[in-house]
Amino acid sequence: MAKPNVLYIMTDQFRFDAIASLGNDHIYTPSLDRLARRGVSFTNAYTSCPVCVAARYNIRTGCEPPTNGVFRNGGEDLVEGQPEEMEERCGPFLARRMSQLGYRSFGIGKFHSRHADMGYDDLQRAEELFGNPESRAVDAFAAFIAREHPQFDFVEQLHGERTEMYYMPQTSPLPADITYEAWAASRAVEQLQVEDDRPYFGFVSLIGPHPPLAPPIPYNRMYDPDCMPDPVCGDIAVDHMDEQIPWMNHAIWADDISLARARSLKARYYGEVTYIDHCVGRILDAAEARPDGDDTLIAFFSDHGEMLGDHGAWQKECYFDGSCRIPFLVSWPARLPRDQRCADLVCLTDLFAIATGAAGEAEVREGTDVLGVIAGDESPRESYAGYYGSPGTRDFKIMVRSGEWKYIYLANGGREQLFNLEEDPRELRNRAADAPQKARLRELAVAAVDRTNADRALEAGELKQFAFEARPLKRIYQMDGSRGVKGFPQRPEDVVFDTGNTGGA
7 MAKPNVLYIM TDQFRFDAIA SLGNDHIYTP SLDRLARRGV SFTNAYTSCP
57 VCVAARYNIR TGCEPPTNGV FRNGGEDLVE GQPEEMEERC GPFLARRMSQ
107 LGYRSFGIGK FHSRHADMGY DDLQRAEELF GNPESRAVDA FAAFIAREHP
157 QFDFVEQLHG ERTEMYYMPQ TSPLPADITY EAWAASRAVE QLQVEDDRPY
207 FGFVSLIGPH PPLAPPIPYN RMYDPDCMPD PVCGDIAVDH MDEQIPWMNH
257 AIWADDISLA RARSLKARYY GEVTYIDHCV GRILDAAEAR PDGDDTLIAF
307 FSDHGEMLGD HGAWQKECYF DGSCRIPFLV SWPARLPRDQ RCADLVCLTD
357 LFAIATGAAG EAEVREGTDV LGVIAGDESP RESYAGYYGS PGTRDFKIMV
407 RSGEWKYIYL ANGGREQLFN LEEDPRELRN RAADAPQKAR LRELAVAAVD
457 RTNADRALEA GELKQFAFEA RPLKRIYQMD GSRGVKGFPQ RPEDVVFDTG
507 NTGGA
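Here the sequence shown stands for residues 7 to 511, numbered as in the numbering used here.
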């Protein structure tokens, strides 16, 4: 029996509730609605570690942070006895494994990996930021702009302005037909038209709708801010129990956003989503136009969500649903049911077994066999744990989802949150003080960290806690390092007169 094609389409910071056919009446997403009709939409999908780098390693390794060693953006955090090389700890990366299973593999876009070799036969890599001129020169999208559209090569930040403009409504500095998303879609279409006797495994990784929120014309004016719903606002004492939330708000210049500006940012975010939807539609058209279109497994997902002002939070890296719950669409017309919703718990780690299972040799690693669950041959998971921050430090936190309940433990202060998502889907009532279910979910959290490289979070068999401490506030500067710009100048005239001191303090 011939092996099917496998196509993964990944977005960055895409909220679980930003697809029209899955319940959002304020947004227009015809391509994603079409993809949902093509297969199964999982409505309880989570990312274990809701931040870019860690989430991507979950996908490419099929392993959770204690094994792959990535608990946040940054390097690996290992303990004695764990092999230094990630593929020794986890096994071959997903693309390499698919190549071993007889697939032609290609990767396009943002990978946020320190590994140059991730196992793709053809890798066209393009990231968000450039730390130096060399990184811009080798970036596939930046090189495309310099080569094909040099009139726009002067633009320092090709995806929109960052730093203090991070959460200000913007418009793309590029036309809609040459943005990063358009470029990635075009490269994907080219790959889908390659003639090869082997089936393909493709991974297309988009940057949007990650801020800055800068959709191109006309998507920048699709949505009236005054027609956007306000963000979810609860008791600030509960909303900001995770001290990282106000710290991050300050770091990315989002500590004083009004409700009116929050609505305008949501309008631009939705414009980004609809533009991405258009680009995804181009990829779907190319995949389905092939003779083997129906025998192609397509999955759409995100690395994590975006708080978008809910609970007084912006960005991700927390365990409210806006941050850690994600879209997760899986379709395969030749084998899977169409237009179905499934409430089973799934996660990014499961993508390894989905791809290898479609190839005929399901390698579950630390996930579950989702295809087997859909077929009725395997049982869905009963609970799921997420990890963020180095275990055994003040920054560590863990989330457990089981049934209708979600439990969050914050080592900084030993704080706890418990939400009944069936009765309280907006996560407004913290039940940690009065619900007897807390004891069971806390036990699940203890069990989840009772393993190598997570057990540092335990002390005398209980979750380790620290006296609460707020970290010093600081701003994040994200400018164009490829042009020597690292921050604001010491003197304004140093920029105006180009005296060579544009690097900031």
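Virtual Cβ for every residue (Gly too), placed ideally from N, Cα, C. Since the structure is predicted, the reported quantities are computational estimates derived from the model, not experimental observations.
Use the C-beta contact count for residue i: other C-beta atoms within 10 angstroms, 16 or more gives buried, fewer gives exposed.
i, result
"N64", "buried"
"G510", "The predicted model places G510 with a pLDDT of 46, which falls under 50 and marks its position as unreliable, so this point remains unresolved."
"Q157", "exposed"
"L265", "exposed"
"T505", "Low per-residue confidence applies at T505: pLDDT is 49, beneath 50, and the placement is therefore not dependable enough to give any value."
"V376", "buried"
"E91", "exposed"
"D283", "buried"
"T53", "buried"
"G208", "buried"
"K403", "buried"
"R481", "exposed"
"R371", "buried"
"D316", "buried"
"R21", "buried"
"N79", "exposed"
"L424", "buried"
"Q199", "exposed"
"S308", "buried"
Comparing the CB of residue i with every heavy atom of the ligand ZN, is any distance shorter than 6 angstroms?
i, result
"G68", "Questions concerning the ligand ZN fall outside what the structure shown contains, since it holds no ligand whatsoever."
Which whole-angstrom value is the C-beta distance of residue i and residue j, which I expect to be below 8 angstroms?
i, j, result
"R193", "I114", "5 angstroms"
"F334", "V352", "6 angstroms"
"M220", "S270", "Sequence inspection shows Ala at residue 220; the Met mentioned does not correspond to that position. At roughly 13 angstroms, the Cβ-Cβ gap does not stay under 8 angstroms, so A220 and S270 are not in contact."
"F44", "P339", "Checking the displayed sequence, the identity of residue 44 turns out to be Arg instead of Phe. Rounded, the Cβ-Cβ distance is 6 angstroms, consistent with contact."
"R437", "V238", "Between V238 and R437 the Cβ distance is about 17 angstroms, and since that is not below 8 angstroms, they are no contact."
"M104", "A365", "7 angstroms"
"I258", "W320", "7 angstroms"
Out of the options, state which residue places its alpha-carbon closest to the alpha-carbon of residue i.
i, options, result
"G159", "G97, R142, M247 and Y276", "A small correction: the amino acid at residue 159 is Asp; Gly does not occupy that position in the sequence shown. Measuring from the Cα of D159, the nearest candidate turns out to be R142."
"R274", "M124, N50, F117 and M228", "M228"
"Q88", "D145, L180 and N459", "N459"
"K492", "N11, N138, K444 and V85", "N138"
"R267", "V144, Q443, M174 and T185", "M174"
"D39", "A26, A473 and F48", "A26"
"I332", "P10, A454 and D23", "D23"
"A439", "C348, E422 and A451", "E422"
"T67", "C55, E86 and E93", "E93"
"V46", "T17, G467, G419 and Q346", "Q346"
"Y393", "N74, V12, T49 and G29", "N74"
"A60", "A243, M405, Q176 and H118", "H118"
"D401", "D300, E249 and V501", "E249"
"D291", "A8, N30, G240 and P36", "P36"
If the criterion is Cβ atoms closer than 7 angstroms, does the pair residue i and residue j meet it?
i, j, result
"G398", "R462", "yes"
"R489", "E133", "no"
"P215", "Q496", "no"
"C285", "A191", "yes"
"A101", "G125", "yes"
"V76", "K322", "no"
"I15", "V210", "yes"
"L469", "Y413", "no"
"A359", "G382", "no"
> Which ranges does the beta strand (DSSP E) cover as unbroken runs of at least 3 residues, wholly within the segment 342-381, from first to last along the chain?
Replying inline: DSSP runs (the beta strand (DSSP E)) wholly in the segment 342-381: 346-353.
> Which ranges would you report for the alpha helix (DSSP H) in the segment 193-222 if only whole runs of at least 4 residues count?
Replying inline: Runs of the alpha helix (DSSP H) inside the segment 193-222: none found.
>> What ranges does the beta strand (DSSP E) occupy inside the segment 255-318, keeping only unbroken runs of at least 3 residues that lie completely in it?
In response: 302-308
>> Extract the residue ranges of the beta strand (DSSP E) inside the segment 59-121, only unbroken runs of 3 or more that lie entirely within it.
In response: 110-115
> Which runs of the alpha helix (DSSP H) fall wholly inside the segment 122-148 and span at least 4 residues, in chain order?
Replying inline: 139-144
> Could you give the uninterrupted runs of the beta strand (DSSP E) lying entirely in the segment 398-463, keeping only those of 3 residues or more?
Replying inline: 403-408, 411-416 and 421-426
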